[in-house]
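Trainee:
2 protein chains.
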Amino acid sequence: MKIESVDLFYLRMPEVLDIGDGSQDSLLCRVSAGGYVGWGEAVCSPLVGLSAWITPLSHSGCHPVIDSVLGAPLNDPSDIAKVYQSVRKNSFYGLLQSDLLISGIEIAMWDCLGRAKSEPIWRLLGYQKSYPKLPYASVLFGDTAQETKQKALAMKQAGFKAVKFGWGPFGTTTVKADAEHIFAARDGIGDDGYLMIDAGTVFKEDVEAAAARLPALHEANVYWYEEPFDGYAQLSARTPKVALAGGEGAHNAYQGKQLIDDGKVGFIQIDAGYVGGISNAYQIAQYANKKGVKYVNHTFTSQSALSSSLQSFAGLAESDISEYPMEPKLLCQELTTNRIELDKNGMISAPDKPGTGMDINLDAVKKYLVQTQIQVGGKTLYTTPSV
Amino acid sequence: MKIESVDLFYLRMPEVLDIGDGSQDSLLCRVSAGGYVGWGEAVCSPLVGLSAWITPLSHSGCHPVIDSVLGAPLNDPSDIAKVYQSVRKNSFYGLLQSDLLISGIEIAMWDCLGRAKSEPIWRLLGYQKSYPKLPYASVLFGDTAQETKQKALAMKQAGFKAVKFGWGPFGTTTVKADAEHIFAARDGIGDDGYLMIDAGTVFKEDVEAAAARLPALHEANVYWYEEPFDGYAQLSARTPKVALAGGEGAHNAYQGKQLIDDGKVGFIQIDAGYVGGISNAYQIAQYANKKGVKYVNHTFTSQSALSSSLQSFAGLAESDISEYPMEPKLLCQELTTNRIELDKNGMISAPDKPGTGMDINLDAVKKYLVQTQIQVGGKTLYTTPSV
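Right, here's the structure in full:
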């Protein structure tokens, strides 16, 4: 079969706030081939992703992404790799945004192929078995330590054995205030729970400020310390007791591998919707496994994005933990008609269903759709397609 | 003074061909502050750059670039650095294209500031003197070895002592055919001329194929071998006699420094319109100088882009060679009313005039302007401004 059509949808909440919450909009991609339909989401400024799809040719190294995708064969996984390589070859100069856009399209291609072959993506990747993962509830710090504790308690009551707190006030005031949040979180989930802290690159290039939080992180038995900044190796050398985590900014396979080798992270966190798609995520997962580094998905949006991100490491028993988005905006909550629920042991698994196994809710797509039109030189290059 | 307005213009040739020629379109940026006007060009798919300027907010890490630029103070070079840092902080996730767009805007800010202070940019950067550079004519290989020789002869007759041939058929057929082109080029410019070869990453990850060209490159006394692929260090180890060159794909200062340290290039080639602007180019130039690596501009488009790229290393006597675009399309030829000409010794210099010292030809801007409109959710976010 061949890729007959690709539709891109810009979805967003009625109001988008200037807060650290990436679930307020989405660039949803639909791929159709041979009567089958697949869906994927790119973690990407939606309008800029749309533009990369249909932007006019600039030169042989700067083609619109559509040129490498539409009409391409889609019969087995190697065809997906060929499309990705084609984008890299045809859109490598002057079109950085193509790395993000192709992530969503690549996932949709996998989903479509999986449905055509009646196989989950992880089996098409070569895994025999999908191992359950311990999901960690991924939430923002409260505004006060007390609020952070309440959130931790609520997550524990919802059945989570692991919680990650991130962003919010962390790193913006004093070492003492941060320590209070950390201990409040530990109080809330209890001594047995896994606790992770995500600094959201708040310390920029200030290794000292990032390091000043280490004693409290160690005392509260924090499982990992995520994205204090970009200079991982420097801090890694100072923190044998608290492993570093990072990687959500990787937008190709090379960058993920480099964070493992040069950044010395203990946990590599990859978003399939950002890194170029499921194949790149899979490559990094295999590499991490070989190097003794735990692979973890990065997912802060929908259940569909969660399933896409689980595929690449479903079959790796060693990488046994998974980010679980707990507070996404309604758009992301309503985007699928089914969910990946916690099992009786509090674990989650990649669905054993064709493709991602997630069903897109077309009513939600219609509800959050933003009508968009791009005209260049008198021609309409993009207009929102019908759902 | 403050940045009162920024206008972005999409310019292109009436026909854009699927060839390796980046001078067929341009994203031209105009910055106005305190009654002064500056211009810069981003090396960037123009529509996607425009979109990054006005794309709606996605979250606190994904602001449109306009949010970090409009209304910002512009009184001295530190203000330009602040705007750049602000873009990195506000648009770091989901908006990769912002690295390219800000390159053009940053150059326009420097140009505007230079005109306001009646100083060339290189003097604002701290250089006391602008050293002449040996310009190399940058051209594409001919379709045949004979045509390549004719081109080399023509460049010699135009007063050039250095010529770089790139792209075209190189690397696409046989080692023998490539050798014929190399020797034809050497024949044409004579034994004294500098000859450089640009493989345009044609070998992708094939180190053997790239290495198979080394004997001819060495025999023809080629000054550098540019961008055979991305695995520089591997090839560097095998080619002590032919230095490697690369860097035009660097879109931030870190990447340029990394190519020097890890890629072991002998020449680092930076495009101010791609790397984030003149300040990043300057940082890399200083770093290269300290490490004994020659800094070279990458410029394949207009005379305005050439001046922008010369500023960052104008004051470095050791970095004494400069790319000179010889075959740009009419759009780039007509974009300025003045040019950087070869002096009686066949050398060029960064102009000793305010800003870039180049005057934009508004008639050419009108002639090549592409009317563009972007509408999202019923609002017009971008429409081509008046010239």
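If you read the protein sequences in the order shown, they are chains P and Y. The first sequence begins at 1 in my numbering and counts up one residue at a time. The second sequence begins at 1001 in my numbering and counts up one residue at a time. The beta carbon of each residue, even a glycine, is placed where N, CA and C say it ideally should be. Nothing here was measured: the structure is a model prediction, and the numbers come from that model.
Closest Cβ-Cβ distance between Y/L1074 and chain P: below 7 Å?
Mentor: By this cut-off, Y/L1074 is not an interface position.
Trainee: Counting only Cβ-Cβ distances shorter than 7 Å, please list the residues of the region 1057-1081 of chain Y near chain P, keeping chain order.
Mentor: The region 1057-1081 of chain Y vs chain P, Cβ under 7 Å: L1057, S1058, H1059, S1060, G1061, C1062.
Trainee: If we ignore side chains and look at the alpha-carbon of each, how far apart do Y/E1119 and Y/P1354 end up?
Mentor: Between Y/E1119 and Y/P1354, the C-alpha separation is close to 4 Å.
Trainee: Listed in chain order, which residues of the region 360-375 of chain P have Cβ atoms closer than 8 Å to some Cβ of chain Y?
Mentor: For the region 360-375 of chain P, which is checked against every Cβ of chain Y, the residues closer than 8 Å are V370, Q371, T372, Q373, I374, Q375.
Trainee: By the criterion of Cβ-Cβ separation under 9 Å, what are the contact partners of P/A52 in chain Y?
Mentor: Under the 9 Å cutoff, chain Y gives S1045, L1047, V1048, S1051, Q1097.
Trainee: Would P/D21 pass as an interface residue toward chain Y - the criterion being a Cβ-Cβ separation below 7 Å?
Mentor: It does: the Cβ of P/D21 has a partner Cβ on chain Y nearer than 7 Å.
Trainee: Once DSSP output is grouped into helix, strand and coil, what is the label at Y/R1339?
Mentor: Note: Y/R1339 maps to coil in three-state DSSP.
Trainee: Residues bridged to Y/K1002 by DSSP?
Mentor: Y/K1002 pairs with Y/P1073.
Trainee: Is the beta carbon of P/G142 less than 7 Å from the beta carbon of P/K151?
Mentor: A contact, by the Cβ cut-off of 7 Å.
Trainee: Quick check on P/E226: buried or exposed, where buried means 16 or more other Cβ atoms within 10 Å of its Cβ?
Mentor: Counting Cβ neighbours within 10 Å, P/E226 comes out buried, since at least 16 surround it.
Trainee: If you draw a straight line from the C-alpha of Y/I1066 to the C-alpha of Y/Y1084, how long is it?
Mentor: Each residue's Cα considered, the two are about 12 Å apart.
Trainee: So, P/S60 versus P/P325, is the Cβ gap smaller than 7 Å?
Mentor: Against a cut-off of 7 Å, the Cβ pair of P/P325 and P/S60 comes out as no contact.
Trainee: Are the C-beta atoms of P/V24 and some chain Y residue less than 7 Å apart?
Mentor: The sequence shown places Gln at residue 24 of chain P, rather than the Val named in the question. At least one chain Y Cβ lies under 7 Å of P/Q24.
Trainee: Between P/N289 and P/S309, how many whole angstroms is the CB-CB distance? I'm expecting something under 8 Å.
Mentor: Actually they are not in contact, since the Cβ atoms of P/N289 and P/S309 sit about 16 Å apart, beyond 8 Å.
Trainee: From the DSSP secondary-structure annotation, give me the bridge partner or partners of P/C29.
Mentor: Note: P/C29 sits in a beta bridge opposite P/L8, P/G40.
Trainee: Should Y/S1068 and Y/K1329 be called a contact, given that it needs their Cβ atoms to be closer than 7 Å?
Mentor: No. Outside cutoff.
Trainee: Report yes if the CB atom of Y/E1048 is closer than 7 Å to the CB atom of P/S279, and no otherwise.
Mentor: Note on residue identity: the sequence assigns Val, not Glu, to residue 1048 of chain Y. No, these two residues do not count as a Cβ contact at 7 Å.
Trainee: Considering only residues of the same chain and omitting the five flanking positions on each side of P/G159, which have a CB-CB separation below 6 Å?
Mentor: Same-chain partners within the cutoff: L342, G346.
Trainee: Quick check on P/I105: buried or exposed, where buried means 16 or more other Cβ atoms within 10 Å of its Cβ?
Mentor: Buried, since its Cβ has 16 or more Cβ neighbours within 10 Å.
Trainee: Measure the Cβ-Cβ separation of P/S103 and P/G277 and say whether it is below 7 Å.
Mentor: Yes, these two residues count as a Cβ contact at 7 Å.
Trainee: Let's test the definition: count the other Cβ atoms within 10 Å of the Cβ of P/N297 and tell me whether it reaches 16, buried, or not, exposed.
Mentor: Label assigned to P/N297: buried.
Trainee: Return the Cβ separation of Y/V1124 and Y/K1117 in integer angstroms, given the expectation that the two are a contact with Cβ distance under 8 Å.
Mentor: Residue identity differs from the one stated: residue 1124 of chain Y is Leu in this sequence, not Val. 7 Å between Cβ atoms; contact.
Trainee: Determine which residues share a DSSP beta bridge with Y/D1198 and list them.
Mentor: DSSP, once it has assigned bridges, lists Y/G1166, Y/E1226 as partnering Y/D1198.
Trainee: Going by DSSP, what residues sit across from Y/F1300 in a beta bridge?
Mentor: Looking at the DSSP assignment, Y/F1300 forms no beta bridge with any residue, so it has no partner.
Trainee: For the region 1003-1019 of chain Y, list every residue whose C-beta sits within 7 Å of some C-beta in chain P, in sequence order.
Mentor: Answer set for the region 1003-1019 of chain Y: V1016, D1018, I1019.
Trainee: Between which two residues does the alpha helix (DSSP H) harbouring Y/Q1371 extend?
Mentor: Unbroken run through Y/Q1371: none, as it is neither H nor E.
Trainee: When you compare only the Cα positions, how much space is there between Y/E1180 and Y/N1221?
Mentor: Roughly 14 Å between the two C-alpha positions.
Trainee: Exposed or buried, which one is Y/A1216 when buried takes at least 16 other CB atoms within 10 Å?
Mentor: Burial call: buried.
Trainee: Can you list, in chain order, the residues of its chain with a C-beta nearer than 7 Å to that of P/L28? Leave out the 5 residues immediately preceding and following it.
Mentor: Cβ within range, chain order: F9, L11, W39, E41, V365.
Trainee: Could you give the residue range of the beta strand (DSSP E) that holds Y/T1380?
Mentor: Unbroken beta strand (DSSP E) run through Y/T1380: 1379-1383.
Trainee: Look at P/I3 and P/L101 and say whether their C-beta atoms are less than 7 Å apart.
Mentor: Contact: no.
Trainee: With distance defined between alpha-carbon atoms, name the residue in P/G171, P/A184, P/F183 nearest to P/A212.
Mentor: For the residues P/G171, P/A184, P/F183, the minimum Cα distance to P/A212 belongs to P/G171.
Trainee: By a C-beta neighbour count over all protein chains shown, 10 Å radius and 16 as the cutoff for buried, is Y/K1149 buried or exposed?
Mentor: With 16 or more other Cβ atoms within 10 Å, it is buried.
Trainee: Around the C-beta of Y/I1182, are 16 or more other C-beta atoms found within 10 angstroms, so that it is buried, or is it exposed?
Mentor: It is buried - the Cβ of Y/I1182 has at least 16 other Cβ atoms within 10 Å.
Trainee: Closer than 8 Å by beta-carbon distance: list the chain P residues that pair up with Y/G1378, in chain order.
Mentor: Those within 8 Å of Y/G1378 in chain P are Q371.
Trainee: Using the beta-carbon of each residue, which ones in chain P are nearer than 8 Å to Y/L1100?
Mentor: By Cβ distance, chain P contributes G94, L96.
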